[in-house]
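*Asks:*
Numbering (the working numbering), first residue to last: 140 to 358.
As C-alpha cells, then:
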C-alpha cells in the first residue's frame, strides 16, 4: 500500500483485451490521476504482480479466457486484505454486480461509462487511507493501555485513578491491599473489636480510604 499520498498510484489491471486496457488508462489520465500500471491475464501473473508490483488498487474485468474477476478478488482479499478492488466490465449484470460487492469488491464500473473509473479509484484510495489511519490509531491506543496497565501493576508506590465523582477506576496493588484493610477496619469498628496487631495498619487504611470504594480488579 502507499506510504505517501503524493506518489503515483500503482494500478494492477486484470484485462485480456489490450484495447480495453488502453481505454481505461486513457480515462484515468483524463481524470488527472498520476499512476503506474501493469496488466495481467492469468492467475500466476496476478499473484506475481501482487507480490512484486505491490499495487495500490486492482482494476479487473469480470470474465477472462484463462482467469476470472471473481478469482482475482478472492486472491486479492486473501493476499492483500484491504486493497481497493474495482470491477470494470461490459457484460456484468446488476445481479452479478451486487454479488460481487457482497464478495468484497469496492465498486464496479461499466466499460461504456469509463469516466467513472478515475473518481472511483480516488474515492476508494481515500477511504482505504482512512481505514489504515484508523487501524494505526486503534493499535496505538491498545499499546498505550497495555503500557499503562503494566505501569500500574508494577508500581511500588500507591497510585490510583478516579472519575469525576471520585469513584476508583483502577489502582496499584498497594492501594488495593489498603482498601481491603479499610473494609476490615470498618467492619471491626462496627463490631467493636479489632486485633491489636492490625490496629495501626487498619487506621492507616481508614485515612487512605475514609469512605471510598476501591476497585482492585486491575491490581
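The beta carbon of each residue, even a glycine, is placed where N, CA and C say it ideally should be.
Contact check, residue 264 vs residue 148 under 8 Å by CB: the rounded distance?
*Replies:* About 7 Å; that satisfies the 8 Å criterion.
*Asks:* Run through DSSP, which three-state label would residue 352 get?
*Replies:* Model confidence at residue 352 stands at a pLDDT of 45, short of 50, so the residue's coordinates are unreliable and nothing is read from them.
*Asks:* CB-CB under 7 Å to residue 145, same chain, minus the five flanking residues each way: which ones, in chain order?
*Replies:* Result list for residue 145: empty, nothing under 7 Å.
*Asks:* Return helix, strand or coil for residue 149, following the three-state DSSP convention.
*Replies:* Three-state result, residue 149: strand.
*Asks:* How many Å lie between residue 235 and residue 272 at the Cα?
*Replies:* Whole-angstrom Cα-Cα distance: 32 Å.
*Asks:* Between the stretch 176 to 189 and the stretch 224 to 231, can you find at least three pairs of beta-carbon atoms closer than 8 Å?
*Replies:* No, the stretch 224 to 231 does not touch the stretch 176 to 189.
*Asks:* Can you tell me whether residue 225 is helix, strand or coil according to DSSP?
*Replies:* Reduced to three states, the DSSP call for residue 225 is strand.
*Asks:* Compare the Cα-Cα distances from residue 225 to each of 211, 171, 155 and 189 and report the closest residue.
*Replies:* Closest option to residue 225, Cα to Cα, is 211.
*Asks:* Hey, how far is the Cα of residue 248 from the Cα of residue 203?
*Replies:* In a straight line, the C-alpha of residue 248 is about 16 Å away from that of residue 203.
*Asks:* Quick check: the stretch 156 to 173 against the stretch 188 to 195, are at least 3 beta-carbon pairs closer than 8 Å?
*Replies:* Touching, no, given that fewer than three Cβ pairs across the two stretches are closer than 8 Å.
*Asks:* From residue 200 to residue 270, what distance separates their C-alpha atoms?
*Replies:* Approximately 26 Å, taken between the alpha carbons.
*Asks:* For the beta strand (DSSP E) that contains residue 202, what are its first and last residues?
*Replies:* Premise fails: residue 202 is in no beta strand (DSSP E) and is neither H nor E.
*Asks:* Quick check on residue 174: does DSSP put it in helix, strand or coil?
*Replies:* Here residue 174 sits in strand by DSSP.
*Asks:* Under the three-state reduction of DSSP, which class applies to residue 155: helix, strand or coil?
*Replies:* Note: residue 155 maps to coil in three-state DSSP.
*Asks:* For residue 246, name the three-state secondary structure that DSSP assigns.
*Replies:* Here residue 246 sits in strand by DSSP.
*Asks:* In chain order, what residues of the same chain have a beta carbon less than 7 Å from the beta carbon of residue 259, not counting five sequence neighbours either side?
*Replies:* Once the five neighbours on either side are set aside, the close Cβ partners of residue 259 are 225, 246 and 248.
*Asks:* Evaluate residue 360 with the Cβ neighbour count: other Cβ atoms within 10 Å of its Cβ, from every protein chain shown; 16 or more gives buried, anything less gives exposed.
*Replies:* What the structure shows of the chain is the stretch from 140 to 358, and residue 360 is not part of that stretch, so it cannot be assessed.
*Asks:* Apart from the five residues on each side of it in sequence, which residues of its chain come closer than 7 Å, Cβ to Cβ, to residue 254?
*Replies:* Excluding positions up to five away in sequence, the list reads 166.
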